[in-house]
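Down below is the structure, laid out as structure tokens.
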Amino acid sequence: MLVQFSIIPLGGDPSMSDEVAEALRIVHRSGLPYQLTPSGTCVEGEWEEVSELIRQCHEQTRRTSPRVITTIKIDDEGGARNQLRDSVASIEEKVGHRLQRIPS
105 MLVQFSIIPL
115 GGDPSMSDEV
125 AEALRIVHRS
135 GLPYQLTPSG
145 TCVEGEWEEV
155 SELIRQCHEQ
165 TRRTSPRVIT
175 TIKIDDEGGA
185 RNQLRDSVAS
195 IEEKVGHRLQ
205 RIPS
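The numbers in the numbering used here rise by one with no breaks, and the one at position 40 of the sequence shown is 144.
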């Protein structure tokens, strides 16, 4: 299962970087495969472990923010594994080159 989620703390620091950093510490410590994006985090794992991880991140953010919005998108393809790596690699193979371009 591949899950993309984002947590938006409201009513605190406008940059949100401290709250986001703390949530990402929780994600990293989970040991689940993940990828940070500019607008959220993708995590791969079983539903029980991913939902528990998102709950922990949400609750941690709620401790420091009076209001928190958490959005979750679930890609549940039975038997799929290594989606974080393989989904992107499949497209890059068809295109013929890496697609990740980060401006300098």
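Even glycine gets a Cβ: it sits at the ideal position worked out from N, Cα and C.
Which of helix, strand or coil does DSSP assign to residue i?
i, result
"L203", "coil"
What is the rounded straight-line gap between the Cα of residue i and the Cα of residue j?
i, j, result
"L106", "P170", "29 Å"
"C161", "G115", "17 Å"
"S194", "L136", "21 Å"
"Q204", "E156", "30 Å"
"A120", "V199", "As written in the sequence, residue 120 is Met, which differs from the Ala given in the question. For M120 and V199, the distance between alpha carbons rounds to 36 Å."
"L140", "R189", "13 Å"
Given residue i, which residues of its chain have a CB within under 7 Å of its CB, disregarding the five upstream and five downstream residues?
i, result
"R129", "none"
Less than 6 Å between C-beta atoms, sequence neighbours within five positions excluded: which residues of the same chain meet that for residue i?
i, result
"K177", "Q108"
"V147", "V107, L136, Y138, V154"
Keeping to the same chain, check which residues put their C-beta closer than 8 Å to that of residue i; ignore five residues upstream and five downstream.
i, result
"E153", "S134, L136"
Assuming residue i contacts residue j under a Cβ cut-off of 8 Å, what Cβ separation, rounded to an integer in Å, is found between them?
i, j, result
"I111", "A127", "6 Å"
"I158", "T174", "7 Å"
What are the start and end residues of each continuous alpha helix (DSSP H) run of 4 or more residues lying completely inside the region 130-207, in chain order? Segments of the alpha helix (DSSP H) lying fully in the region 130-207: 151-168, 187-199.
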